[in-house]
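The block underneath contains the structure these notes are about, expressed in structure tokens.
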Amino acid sequence: MIGKCVLLALLVAFASASPVAQDNGMVDFREALDMFINAYKKMMPCGFAADNIPAMAPLTVDFFPFDYVNGETHLKGNVSNIRVSGLNNFQILSGSYNQSTLHATFDVMYPALQILGSYEVEGVLSIGGLLMPIRQKVLINKKITDWRFVGKYTFGQSLTNSNGLRIKDFNLQYLVGGVVAANWDQYMDIAGNNYFNSFINSFSVLFTEEIQPYVTPLYEKYVLPTLNDLLSNLNMAELINYLTSQAEMWNTADCSAQA
Ligand SMILES: *[C@@H]1O[C@H](CO)[C@@H](O)[C@H](O)[C@H]1NC(C)=O
Ligand SMILES: *[C@@H]1O[C@H](CO)[C@@H](O)[C@H](O)[C@H]1NC(C)=O
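Encoded structure:
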């Protein structure tokens, strides 16, 4: 469920900064997209049951048990009372589209995401044959600032349907301004907790840098096929129609909740 929401949020962030060609006459694509994004943002605090979209601002998870086995690694535990806020506060810093080249760029930022909750895990982690026993009971208190997605792509003809669309030449980078973890593991003392928090903070930023070469390939492997599958069924006029009717539907939720 969370995976689906994150994917949806990414797709929207992605779509939101993608002013695409105007279909001659009729409705302006950019107008349709604006309607779509505004309706989505407004709907996020309430969710939309008919589409199986849970409330996402804040996004909450009461309880989620897991039991992960992979080779000698065995981790069992649960995540509870998760609350992620700030997902609906994304800002579109810029976007461009060239009608003759069908090339688009986007720049979207989440100024502040706060993640609160807790998790417990017990088991054994195998790292290159080295077995590490794990036992944690952690209150999560983490804030991510200025999480930014900068990307570009070009629209092309779908490979499976000559009337449909496809995203090609996709390139994405993401940047994290800062990560502040103030987690608390009840099995550790103050010094241990401080050590781990500073480790998470610097590791998160380092991880962001290290992962850059893999962001585009990962996106191409896991997100684009889904997106292109959807786009292959639509020409531009149909895409505009989809966006406006989705916006109208979400607007019926009449969400007035405050995130
Ligand atoms: C998971 O949650 C339950 C509480 O519902 C708890 O009893 C259990 O010990 C938890 N922890 C692990 C590691 O499974
Ligand atoms: C669109 O791209 C073409 C070809 O690169 C270029 O000549 C033109 O100036 C661009 N148009 C805009 C509005 O940037």
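Read in order, the letters of the sequence shown correspond to residues -17 to -1, 1 to 242 in mature numbering (1 follows the signal peptide of the UniProt record, and there is no 0).
By construction, the Cβ of each residue, glycine as well, lies at the ideal position given by its N, Cα and C atoms.
Please read all numbers here as calculations on a predicted model, not as lab measurements.
Near residue i, which residues of its chain fall below 7 Å by C-beta distance, leaving aside the five closest residues on each side in sequence?
{"i": "residue 8", "result": "Any reading at residue 8 needs caution, since the residue's pLDDT is 45, under 50, leaving its predicted position unreliable; the model's value is listed next. Result list for residue 8: empty, nothing under 7 Å."}
{"i": "residue 207", "result": "150, 153"}
So, for residue i: in the same chain, excluding its five sequence neighbours on each side, which residues have a beta-carbon less than 8 Å away from its beta-carbon?
{"i": "residue 151", "result": "136, 137, 138, 139"}
{"i": "residue 84", "result": "137"}
Tell me where the alpha helix (DSSP H) around residue i begins and ends.
{"i": "residue 236", "result": "Careful: residue 236 lies outside any alpha helix (DSSP H) and carries neither H nor E."}
{"i": "residue 209", "result": "207 to 214"}
Provide the residue(s) that pair with residue i in DSSP beta bridges, ordered along the chain.
{"i": "residue 75", "result": "91"}
{"i": "residue 196", "result": "The partner list for residue 196 (beta bridge, DSSP) is empty, contrary to what the question assumes."}
{"i": "residue 24", "result": "In DSSP, residue 24 forms no bridge with anything."}
{"i": "residue 169", "result": "Answer by DSSP bridge pairing: none, since residue 169 is not bridged."}
{"i": "residue 81", "result": "86"}
Should residue i go down as buried or exposed, given a rule of 16 or more other Cβ atoms within 10 Å for buried?
{"i": "residue 223", "result": "buried"}
{"i": "residue 115", "result": "exposed"}
{"i": "residue 200", "result": "exposed"}
{"i": "residue 211", "result": "buried"}
{"i": "residue 112", "result": "exposed"}
On the DSSP letters alone, give me the boundaries of the beta strand (DSSP E) that residue i sits inside.
{"i": "residue 157", "result": "148 to 164"}
{"i": "residue 63", "result": "56 to 68"}
{"i": "residue 34", "result": "Here residue 34 belongs to no beta strand (DSSP E), and DSSP marks it neither H nor E."}
I'd like to know whether the C-beta atoms of residue i and residue j end up nearer to each other than 8 Å.
{"i": "residue 217", "j": "residue 142", "result": "no"}
{"i": "residue 127", "j": "residue 100", "result": "no"}
{"i": "residue 61", "j": "residue 103", "result": "yes"}
{"i": "residue 158", "j": "residue 209", "result": "no"}
{"i": "residue 68", "j": "residue 40", "result": "yes"}
With a threshold of 6 Å on Cβ separation, who are the neighbours of residue i within its own chain once the five nearest residues in sequence on each side are excluded?
{"i": "residue 161", "result": "128"}
{"i": "residue 164", "result": "125, 180, 183, 184"}
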